[in-house]
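Working notes, beginning with the structure itself.
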Amino acid sequence: MSVKRHVIAALSLGLVVMLAGCSGAPNELLAKPVADLQTAAPDVAQAQDISAFGERLFAAVAANGDKNPVISPLSVFYALGMAYEGARGDTAAAFQQVLGLTAEQARQIAAYLLATLAAPGQGTTLNTADSVWLDSKLTAQQTWVDAVSGYYKAQVFNTDLQAPDTLVAVNKWINDATNGLIPQMLDRIDSTTVVMLINALYMKAAWAQAFDTNLSSVSNFTVASGQQVRADFMTANYDTRSYFDTPDAEGVVIPYQDGRLAFLVALPKGTLTLGGNTIAGLLADAKDTENVGFSMPKFDTEFGLDLLPALVQMGLEPACDLSADFSGLGTSTAGPLYIGLVAHKVSMSVGEKGTEAAAATVIAVDSGGSISPPAMHWINFDHPYLYAVVDTTTGIPLFIGQMDDPSLAPPAVS
Numbered sequence: 002m003s004v005k006r007h008v009i010a011a012l013s014l015g016l017v018v019m020l021a022g023c024s025g026a027p028n029e030l031l032a033k034p035v036a037d038l039q040t041a042a043p044d045v046a047q048a049q050d051i052s053a054f055g056e057r058l059f060a061a062v063a064a065n066g067d068k069n070p071v072i073s074p075l076s077v078f079y080a081l082g083m084a085y086e087g088a089r090g091d092t093a094a095a096f097q098q099v100l101g102l103t104a105e106q107a108r109q110i111a112a113y114l115l116a117t118l119a120a121p122g123q124g125t126t127l128n129t130a131d132s133v134w135l136d137s138k139l140t141a142q143q144t145w146v147d148a149v150s151g152y153y154k155a156q157v158f159n160t161d162l163q164a165p166d167t168l169v170a171v172n173k174w175i176n177d178a179t180n181g182l183i184p185q186m187l188d189r190i191d192s193t194t195v196v197m198l199i200n201a202l203y204m205k206a207a208w209a210q211a212f213d214t215n216l217s218s219v220s221n222f223t224v225a226s227g228q229q230v231r232a233d234f235m236t237a238n239y240d241t242r243s244y245f246d247t248p249d250a251e252g253v254v255i256p257y258q259d260g261r262l263a264f265l266v267a268l269p270k271g272t273l274t275l276g277g278n279t280i281a282g283l284l285a286d287a288k289d290t291e292n293v294g295f296s297m298p299k300f301d302t303e304f305g306l307d308l309l310p311a312l313v314q315m316g317l318e319p320a321c322d323l324s325a326d327f328s329g330l331g332t333s334t335a336g337p338l339y340i341g342l343v344a345h346k347v348s349m350s351v352g353e354k355g356t357e358a359a360a361a362t363v364i365a366v367d368s369g370g371s372i373s374p375p376a377m378h379w380i381n382f383d384h385p386y387l388y389a390v391v392d393t394t395t396g397i398p399l400f401i402g403q404m405d406d407p408s409l410a411p412p413a414v415s
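In the working numbering, the protein residues as written are 2 to 415.
Below, the structure written as structure tokens:
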């Protein structure tokens, strides 16, 4: 498999799909409305497929051994979905294997999530934006342009991807879409790039009940090696909380004000294996329980890597060599299209008031009883734990992370 790496300066919130390159200043095109656009909620099995995709991807990333890994499965899903619209034959079959969905199912779920998560409720801002940048070397299929514009709400631009002003325009678009959290996504655009598909995801959510800053303190966190590091902990006193205690993990689901999104944090009992619907299962197991209190570190974290090896391991290899079939997307005068890079980065801050997060992905497609007193449950998240921002309506994780060492990043600003 031929994989061409592109230089990326700052990978952050969103998803950029570079397929492998139109001329002049960016000129937005108008696409035809999608006739069968529906925003019905996905069935349980389809939502579980996306959740399972996110868990398998995170498990593959975490297996690399990097500290404090975190990804945005939702951002990756949006980007892959736009590429999936142009895949045909064995390449489309590879996308279906990885996502567990047909292209039609993926686009309908994307349309539903884009419509319903746009206004999750009070106290939460959740912005998702997609754009497509087409170079003159590419002749795009109009049906594909209409699909990514209609289902994924993508802006579509014609431009010269090699012009210096285009790089500036792309970085500005991402910066604006991520509320300034990703000021410079790219430091160059490769000469073989003929299309860029960009998804930007930004979230800022207030807890339903803010943590009392007077209870915050510095305490010890025990990393996997057994060494103790100092970290800033925030504390929630005993109250009725959404609590789970399974053979594999104990934890809580912390609601945001909007009533739909929640922050799930799980302290493993030994090894907590992801790869199916573990997070959705923990969410389902959580029950309102009296006298639950906990403390956990507040943190700022950033994490970035190339997801292509993980996606190839999951079955996407047919999309990543010269035999890939993206004929549904278009054709390039420079040769066949294939994915050469899937760069991804997440930035997240968790503090007493809530959570602020952003994510970015770059997919480069190149050419060429009686009452005994109720039990008391206190959870001290003072050693490595799993966390996720979850849509409680569908069970789909927006972000999945693992906190190995909060001392590696400065404490979050509350």
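All C-beta atoms, glycine included, are put in the ideal place defined by N, C-alpha and C. Quantities reported herein were computed from a predicted structural model and do not represent experimental measurements.
Around the beta carbon of R242, a 10 Å sphere encloses 16 or more other beta carbons of the protein chains shown; the residue is thus reported as buried. Residues of the same chain with a CB within less than 7 angstroms of the CB of G282, apart from the 5 flanking positions on each side, do not exist. With respect to N176, D131 sits apart: the two C-beta atoms are not nearer than 8 angstroms.
Rounded to whole angstroms, the gap between the alpha carbons of V45 and T394 is 10 angstroms.
A distance below 8 angstroms between beta-carbons, with the five flanking residues on each side excluded, links N278 to the following residues of its chain, in chain order: Q49, S52, A53, E56 and G396.
Nearest in C-alpha terms to T356, of all of D301, S150 and P165, is D301. It is roughly 14 angstroms from the alpha-carbon of I280 to the alpha-carbon of L75.
Distance from the CA atom of Q258 to the CA atom of L182, rounded to whole angstroms, is 22 angstroms.
In this structure D188 is exposed. Its beta-carbon is surrounded by fewer than 16 other beta-carbon atoms within 10 angstroms. Using a Cβ distance threshold of 8 angstroms, V343 and A358 do not count as a contacting pair. A straight line joining the alpha-carbon of S368 with that of T193 spans about 6 angstroms. Residue state for L75 is assigned as helix, using DSSP reduced to three classes. With contacts defined by Cβ atoms closer than 8 angstroms, S333 and V230 do not form a contacting pair. The residues Y244, in chain order, have a CB closer than 6 angstroms to that of T290 in the same chain once the five nearest residues on each side in sequence are set aside.
Y239 counts as exposed, since fewer than 16 other C-beta atoms from the protein chains shown sit within 10 angstroms of its C-beta. The beta carbons of L308 and V77 sit closer together than 8 angstroms.
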